[in-house]
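Notes for the one structure printed next.
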Amino acid sequence: MTKLRIASSLAFMTVIASSLIGCSQGQPKDTAAENVSANKANTAEYKGGPAELLVLDINTATTDEQFQTFFVAPIKAKYPQINLVQTRDPLDKLIAAGTIPDMVLVSNPSLATVLEADIPEDLTAMIKTYGLNLGQLEPAVVQQMQKLGEQKAFYGMPFAMNYGAMVHNRDIFDKFGVPYPKDVMTYEEVLELGKKLTRKDGNTNYIGVMPPDLRQMYWQYGVPVFDKAKGKASLTSDRHAQVFSLLKQFYAIPGYMENGKHIHSTDLFFKEQRMAMYPNWISSYISFFAKAGTKDTFKWDLTAHPGYSDRPGLGKEVDFHMAVVNKSGKYREAAYQVVLSLLSEEVQTKLSKAGRLSVLKNDEIRKVYGSDSDTYRGKNLQAIFKVSPSPLPEASKYDPKINALLNGEVSKNVMVDGTDINTALRNGEDKANKEIVIP
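Counted the way mature numbering (1 follows the signal peptide of the UniProt record, and there is no 0) counts, the sequence shown spans residues -19 to -1, 1 to 420.
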């Protein structure tokens, strides 16, 4: 792997072409950038002949219809000789059979799995060749990609992202005379609103807010659950306890716990309409409302995702989907054309309309977000962009199982059984090291 330091990585972003694909208007001219112009990109047009690319979607939830719309159709229109075939077989099964995918679609938290299989190509050279301007991508996404490559490589090309948001039921706020949430709030402010709105009215129990789970709270605060230097689970620092203590305050609101359960169903907000606030991913609300069929049955709106008081301006953790190119693939040049197609304004606009946020910093594309479903028409959608995604902590292959332990047994021990936080974390760390890491 080519090793680049942070400074050289930033310098590279300065000298690459003045547009993502082609040229960008309204940008100051850079003599070095002009050396990687649209003309140079044109000389790199695909000339590789017929190619069939096997594409594996690990966890980007790209449906068959979306694969045809966003991947197959655009590339076929320009290069009929490039054929894309989607597979849903497990990666380990494909590797065992000797049919390693030419491209892998994966979320940023799960890139470690693909890296462990030694699949991703460092796309730094490809980015230079085609004159791609990473400066036109969401900065948090670019920073996370560089972090995933340890400032040495760019192991995939982001093509869609998610953004944190918080929906709130204005009818509940009106019912109890509580002011609506502000566009940007801290968790402490949301907690106070939650206390005012968690109450019983007649035979109805209202829940003020359902906070994120412990895993998500740690992600947003940048707290890792595995120490790579020590090769052990790490759950007992002051920061772990601090975040857990904040989360416990939400669960401790009188009336929040129902039948010994500390995590509620989303039906309470979208179907039963007795939850006042619910922070989650902006993309998830489209499916939740569609499933419940209640989008127009009550008054609701959006704010930015809540954040930590000591990390102002940062919302939910950065989350995006990327296309990884197999460094040993036979048709890598064809795979590059798929990447270029995904980053075109045409495809990014279609993705945005379908409810998958564009990775481009393009206000016009963001304005049409979710327009195919009409869910957000007339809503305060632009409020969600008043905060930036929070950087993620360093990830490891053990994280999914450790996080499952945290959200399950460790959280239950504290919230339901009343175990001291430090004790629960210490027990969780011991169990993780014995049952997850060492085996």
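Where a beta carbon is used, it is the ideal one built from N, C-alpha and C, also for glycine.
In angstroms, rounded to a whole number, what distance separates the CA positions of residue i and residue j?
i           : j    : result
E46         : Q127 : 31 Å
K382        : N184 : 40 Å
P90         : I76  : 21 Å
K177        : M238 : 15 Å
I100        : Y136 : 9 Å
D401        : Y144 : 33 Å
A214        : P61  : 49 Å
residue 425 : R292 : Summary: the structure shown does not reach residue 425, with the chain confined to residues -19 through 420, and so no result is reported for it.
E102        : P205 : 26 Å
F140        : K331 : 12 Å
G359        : V224 : 35 Å
S352        : E345 : 12 Å
Y350        : D411 : 45 Å
I267        : P260 : 14 Å
Y379        : D219 : 21 Å
N343        : Q117 : 8 Å
Y312        : Y27  : 11 Å
I2          : F301 : Bear in mind that a pLDDT of 42 at I2, under 50, signals an unreliable position, so the model cannot answer this.
N20         : T110 : In this predicted model, N20 has a pLDDT of only 32, less than 50, meaning its place in the structure is not dependable enough to derive any value.
F207        : V418 : 9 Å
T404        : L216 : 11 Å
A93         : D152 : 44 Å
A22         : E327 : Per-residue confidence for A22 stands at a pLDDT of 41, beneath the threshold of 50, marking its modelled position as unreliable; no derived number is given.
Would you mind giving the Cβ-Cβ distance between residue i and residue j, rounded to the nearest angstrom? I have them listed as a contact below 8 Å.
i    : j    : result
I81  : G175 : Contact doesn't hold; Cβ gap of about 48 Å is too wide.
A273 : K252 : 4 Å
V36  : D70  : Actually they do not touch by this definition, with Cβ atoms about 11 Å apart.
V397 : H243 : 6 Å
L362 : L283 : 6 Å
K59  : S322 : 7 Å
Which residue from the options puts its Cα closest to that of residue i?
i    : options                   : result
T278 : Y266, Q254 and L295       : Q254
V368 : K57, G116 and K163        : K163
D73  : E327, V224, V85 and V66   : V85
F48  : V122, V66, R151 and Y379  : V66
L387 : Q117, L228 and A285       : L228
G79  : A405, G158, G409 and G310 : G310
D38  : A54, F52 and V87          : V87
T41  : R180, M303, L195 and K276 : M303
When DSSP builds the beta bridges, which residues end up paired with residue i?
i           : result
Y143        : The sequence shown places Asn at residue 143, not Tyr. Answer by DSSP bridge pairing, in chain order: D300.
T284        : M147
residue 480 : Outside the modelled stretch of the chain, which goes from -19 to 420, sits residue 480, for which no answer is possible.
S88         : H302
P260        : M147
N307        : P101
K242        : E239
D38         : L86
Quiz prompt | alpha helix (DSSP H) runs wholly inside the segment 151 to 230, at least 4 long, in chain order | solution = 151 to 156, 168 to 178 and 195 to 202
Quiz item: Taking only runs of the beta strand (DSSP E) that begin and end inside the segment 328 to 383, which ones reach a length of at least 3 residues, in chain order?
Solution: 369 to 371
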